[in-house]
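One structure is given here, and the rest of the page talks about it.
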């Protein structure tokens, strides 16, 4: 863990991000940031801002069944609350909205797929406290798990673990029910902080049924080749600002772009990319809604 933290900090302060396709200079994002700053100032003076802000607060809860290949019998009916990209420090009004949306839920696992923090100037403890407040009404019978996103610093690990959330950084947790085993593998963010440790973590298994928790979909093909049955991620916010019909304008994916939003397949593996709870850069949404997902795993022969 110490070697990971040291390497992660080196990338955090470097001039380059490290993705699955190689290094990317931070300066390449500067024109995009300038454009967003200009757009933010311009749109705040129009009725579009109020509408987009209301849209950002219009969270929904989606519930559906998934039938991943090879689900062990003891895990039939296993319920996962999937939360991604809360960014609650960036838009604190979402805390109450999210709390009301999930109040009274009863699930087997909490899976938070990164970007707990929005504002990179905030200490990790602040967005963590907001997330705990928002999820206070959820009963989680099993593990509370999280992975880091590209907005989350090394310090987020300690902040989350201090409140009882286990952060999987290129490692796995094995759940057992009788003779049945389920392995959950969590990776560090692969969009900006990718290292070969992610591949090693995907390969480290004993043939169990496997779920991957990753901030972005950018290693979905790797997970499929490694025999994973289910892949949960976020990162894209479903586009956040979309064309009519929900088509994203920007996804911030360097690969596996078919997995930008919602349900998808990669080989034999099924995946779900959350449209996220929060927002980043602009406190707006257009033609896409933020969400949390309650996913129930089912065996094929039951349906």
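Residue numbers (the working numbering): 72 to 374. Glycine is no exception: its CB is placed at the ideal position from the N, C-alpha and C atoms.
query: Using the Cβ count rule (16 or more neighbours within 10 Å means buried), how would you classify residue 293?; result: buried
query: Tell me which residue opens and which closes the alpha helix (DSSP H) that residue 74 is part of.; result: 73 to 84
query: Beta-carbon within less than 8 Å of residue 204's beta-carbon, same chain only, minus the 5 sequence neighbours each way: which residues are those?; result: 166 and 170
query: Between the Cα of residue 125 and those of 361, 112 and 147, spot the shortest distance and give me the residue it belongs to.; result: 361
query: Note the first and the last residue of the continuous beta strand (DSSP E) segment covering residue 218.; result: 215 to 218
query: On the three-state DSSP scale, how would you describe residue 320?; result: coil
query: Could you give the residue range of the alpha helix (DSSP H) that holds residue 295?; result: 291 to 296
query: What residue does the beta strand (DSSP E) around residue 134 start on, and which one ends it?; result: 131 to 137
query: For the stretch 108 to 128 against the stretch 141 to 149, do three or more pairs of beta-carbon atoms, one drawn from each stretch, fall closer than 8 Å, so that the two count as touching?; result: no
query: Buried or exposed: which applies to residue 275, given that a residue is buried once 16 or more other Cβ atoms fall within 10 Å of its Cβ?; result: exposed
query: Counting Cβ pairs closer than 8 Å, one from the stretch 241 to 258 and one from the stretch 309 to 319, do we hit at least three?; result: no
query: Hey, residue 216 and residue 183: beta-carbon distance below 8 Å or not?; result: yes
query: Could you name the residues that DSSP lists as bridge partners for residue 62?; result: Residue 62 lies beyond the range of the chain shown here (72 to 374); nothing can be said about it.
query: When the distance is taken between beta carbons, is residue 302 closer than 8 Å to residue 342?; result: yes
query: Taking the continuous alpha helix (DSSP H) assigned at residue 362, which residues delimit it?; result: No alpha helix (DSSP H) contains residue 362, which is instead part of the beta strand (DSSP E) from 362 to 368.
query: For residue 241, which of 228, 253, 235 and 251 has the nearest alpha-carbon?; result: 228
query: Determine the direct distance from the alpha carbon of residue 286 to that of residue 221, and round the result to whole angstroms.; result: 8 Å
query: Measuring CA to CA, which of 231, 197 and 357 is closest to residue 129?; result: 357
query: Have a look at 352, 122 and 370 and flag the residue whose alpha-carbon is nearest the alpha-carbon of residue 280.; result: 370
query: Would you identify the three-state DSSP class for residue 122, choosing helix, strand or coil?; result: helix
query: Go ahead and label residue 191 buried or exposed: buried means 16 or more other beta carbons lie within 10 angstroms of its beta carbon, across all protein chains shown.; result: exposed
query: Could you tell me the alpha carbon to alpha carbon distance between residue 135 and residue 367, rounded to whole angstroms?; result: 6 Å
query: What does the Cβ neighbour count give for residue 188, buried or exposed, with the cut at 16 atoms within 10 Å?; result: buried
query: Nearest to residue 147 by CA position, among 256, 202 and 179, is which residue?; result: 179
query: For the alpha helix (DSSP H) containing residue 307, name the first residue and the last one.; result: Looking at the DSSP string, residue 307 is not in any alpha helix (DSSP H), and its letter there is neither H nor E.
query: Can you list the beta strand (DSSP E) stretches of 3 or more residues lying completely in the stretch 148 to 197, in chain order?; result: 150 to 154 and 180 to 184
query: Just the C-alpha distance for residue 291 and residue 278, rounded to the nearest angstrom, thanks.; result: 18 Å
query: Would residue 297 pass as a contact of residue 273 if the rule is Cβ separation under 8 Å?; result: yes
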